[in-house]
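The structure appears right after this line, and notes come after that.
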Amino acid sequence: MLERLPSQLVSRSVSFVQIRMTANTVNFFMRRTGDTLWKTVTNVSMGGMKRGRARTRQPIRPLPQFYRVGMLKSSPMRIRYPGLNAPIVPQSVAELASRPFFVEEQSDQEREEVLHFVRTQVAKKSTQKRHLCKERLTSLERGFSGGTFMGQRMGPPPYMDGANMADFECICLFTDRITEMHSIRGRVFSTRALVFVGNGNKVGGFALARASGFKVNLAIARAVKKASRDLFHIELHEDRTVFQDFFAECRYSRIFVQRQVEGYGLCAHPRLLKICELLGIKDLHAKVQGSTTNYIALTYAFVAGLLNQETHQQLAERTRLHVVELSPNRQFFPRIVASPLTAPVKADDEVDTKERMKLDEYYGEGRFPLKKAEPLPFYANSPGHLHAEWRKHPYRNMEKKIIRLLADGVVNRWTRKERYKWSQREFEMVASGRKPIPLGLGLSDVNPPEGEKALIEEGRTAKEATEAD
1 MLERLPSQLV SRSVSFVQIR MTANTVNFFM RRTGDTLWKT VTNVSMGGMK
51 RGRARTRQPI RPLPQFYRVG MLKSSPMRIR YPGLNAPIVP QSVAELASRP
101 FFVEEQSDQE REEVLHFVRT QVAKKSTQKR HLCKERLTSL ERGFSGGTFM
151 GQRMGPPPYM DGANMADFEC ICLFTDRITE MHSIRGRVFS TRALVFVGNG
201 NKVGGFALAR ASGFKVNLAI ARAVKKASRD LFHIELHEDR TVFQDFFAEC
251 RYSRIFVQRQ VEGYGLCAHP RLLKICELLG IKDLHAKVQG STTNYIALTY
301 AFVAGLLNQE THQQLAERTR LHVVELSPNR QFFPRIVASP LTAPVKADDE
351 VDTKERMKLD EYYGEGRFPL KKAEPLPFYA NSPGHLHAEW RKHPYRNMEK
401 KIIRLLADGV VNRWTRKERY KWSQREFEMV ASGRKPIPLG LGLSDVNPPE
451 GEKALIEEGR TAKEATEAD
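Residue 456 in the UniProt record's numbering sits at position 456 of the sequence shown, with consecutive numbering throughout.
In structure tokens:
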């Protein structure tokens, strides 16, 4: 069997040698088909496929699509078998015994026709690599990285056990390939997936499932069913954030969770962000320390911290104390949030020192996230910078004073005319004795001028006479 590339067969004229074949010539190539022969040079063992060697092997070249060996016009070898693909010429009958077939070269016209045919066949075949047909997703729907399943919303769980879970959503947090060594089977590969399920209203569940081989879809489907059967419910403050700051850990992953004001948003690990979205948490700040790539430990620690929360009413019942909120929006005026209902409130002498702690320190287990100070710039101690800071030091509180004067209504607008009117009113009040002279920091040893001192004395005398009447 003679096979060559089309470019080698049509690029130049080849002179062929007549080969005489006997009837009982049997060899390796004649006993096997073309597909079997191609497998001998393109096949890869199972061990090689596991190591990625199948991608580097040469593909099977479909030679019959371009030409057929032995045909008169579609092949560069024009082989004629009298009586098979060519008529028997009477004058060539005597030559059949010594010369059973004839080989002729292609003409220039036939060579051009074959070349055009090959180019047409190659043009029909796409030169791009074959890819799976994937749905094009937006950047918000794409997930954590690329087009993988991790981080993508996969719709509601299937209808199972008579429960309709159409309002739930599934997100794959993690997929991984693991191996196990067996005494008989050797190295066995399997796939595992971590899936979180939630309805966005304080109900959720998560599960870790496996599948044999590299069946990622099967592992995710099993994890979805397993998570749908094991749901939990959490409590949220104002249906948007946690009740108190807490600390949670699992293995080498540590999480510091802090509640935030309304409108703050979510600032946390990408996996924790997806969990918060499925549970309905809107305002939260979570700092992860230690291992940030052990997603299973992160999920266990975060869910355990949410389940171990204590509401304000539960705290009041346990400690027999009022839970009071001090908000800067009300000038830190205390507001009672929860009070004990089943028992009387403790007296002051019954309250322990630990129970007088702030709510943030009460649940922290004595641990606080590390907050590093911002490093000083390189020019912090330079003479020019220190001189500039010294020049700005007298005006350090001016902006706050301006805001306070405008907020209290002392000055309607911060213009020169309004400020001059305000200064005149202040001077008249001091001169008439209705307001004392401001003697504050740096003003205790200042003596007023001669004229102002006389005016101040007259104002005080008039004020005393008015009060006496």
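By construction, the Cβ of each residue, glycine as well, lies at the ideal position given by its N, Cα and C atoms. Remember, predicted model here, so these are calculated numbers, not experimental data.
Taking DSSP as the reference, what is the three-state secondary structure of residue i?
i: Glu135; result: coil
i: Gly186; result: strand
i: Leu236; result: coil
i: Met357; result: coil
i: Pro6; result: Unreliable placement is indicated for Pro6, whose pLDDT of 45 sits below 50; the coordinate value is still reported in the next sentence. The answer is helix: DSSP assigns Pro6 an H, G or I state.
i: Phe246; result: strand
i: His285; result: strand
i: Phe28; result: helix
i: Phe214; result: coil
i: Gly265; result: coil
i: Phe206; result: strand
i: Leu231; result: coil
i: Thr241; result: strand
i: Met154; result: coil
i: Gln309; result: coil
i: residue 473; result: The requested residue 473 does not occur in the structure, where the chain is confined to residues 1 to 469.
i: Asp408; result: coil
i: Ser444; result: Low confidence applies here, because Ser444 scores a pLDDT of 47, under 50, leaving its location unreliable and the question unanswered by this model.
i: residue 478; result: The requested residue 478 is not part of the displayed model; the chain covers only 1 to 469.
i: Thr461; result: helix
i: Leu140; result: coil
i: Gly147; result: coil
i: Glu365; result: coil
i: Pro344; result: coil
i: Asp352; result: coil
Using CA atoms only, rank isn't needed, just tell me which of the options is closest to residue i.
i: Leu370; options: Ala221, Lys287 and Ile234; result: Lys287
i: Glu180; options: Gly213, Asn199 and Gly155; result: Gly213
i: Ala209; options: Gly200, Ser183 and Ile178; result: Ile178
i: Val345; options: Asp360, Glu317, Phe333 and Leu326; result: Glu317
i: Glu235; options: Gln260, Glu389 and Glu310; result: Glu310
i: Arg61; options: Ser228, Lys225, Lys421 and Asp35; result: Asp35
i: Gly263; options: Asp239, Leu272 and Lys274; result: Asp239
i: Thr342; options: Asp352, Leu326 and Leu315; result: Leu315
i: Ser327; options: Ala462, Val337 and Ile403; result: Val337
i: Met398; options: Met357, Trp414, Leu386 and His385; result: Trp414
i: Ile402; options: Arg391, Glu389, Glu418 and Ala388; result: Glu418
Quickly, what does DSSP pair residue i with across the bridge? List them, please.
i: Cys170; result: Val197
i: Pro394; result: None, per the DSSP bridge assignment.
i: Phe256; result: Phe247 and Lys287
i: Asp176; result: Arg192
i: Met160; result: Ala163
i: Pro334; result: Leu326
i: Met181; result: Arg187
Just to confirm, are residue i and residue j a CB contact at a threshold of 9 Å?
i: Val41; j: Ala54; result: no
i: Phe243; j: Gly364; result: no
i: Gly186; j: Glu169; result: no
i: Cys172; j: Ala211; result: no
i: Leu279; j: Gly162; result: no
i: Glu141; j: Arg153; result: yes
i: Leu298; j: Ser253; result: yes
i: Met165; j: Val197; result: yes
i: Pro340; j: His322; result: yes
i: Ser291; j: Arg251; result: yes
i: Ile281; j: Leu266; result: yes
i: Lys274; j: His233; result: no
i: Ala227; j: Val195; result: yes
i: Ser432; j: Ala454; result: no
i: Lys435; j: Met429; result: yes
i: Lys225; j: Pro157; result: yes
i: Glu361; j: Thr319; result: no
With 16 as the cutoff for other CB atoms within 10 Å, does residue i come out buried or exposed?
i: Glu464; result: exposed
i: Val410; result: exposed
i: Thr241; result: buried
i: Met150; result: buried
i: Thr191; result: buried
i: Ala219; result: buried
i: Gly205; result: buried
i: Asp245; result: buried
i: Asp283; result: buried
i: Tyr379; result: exposed
i: Arg271; result: buried
i: Val261; result: exposed
i: Gly143; result: buried
i: Ala301; result: buried
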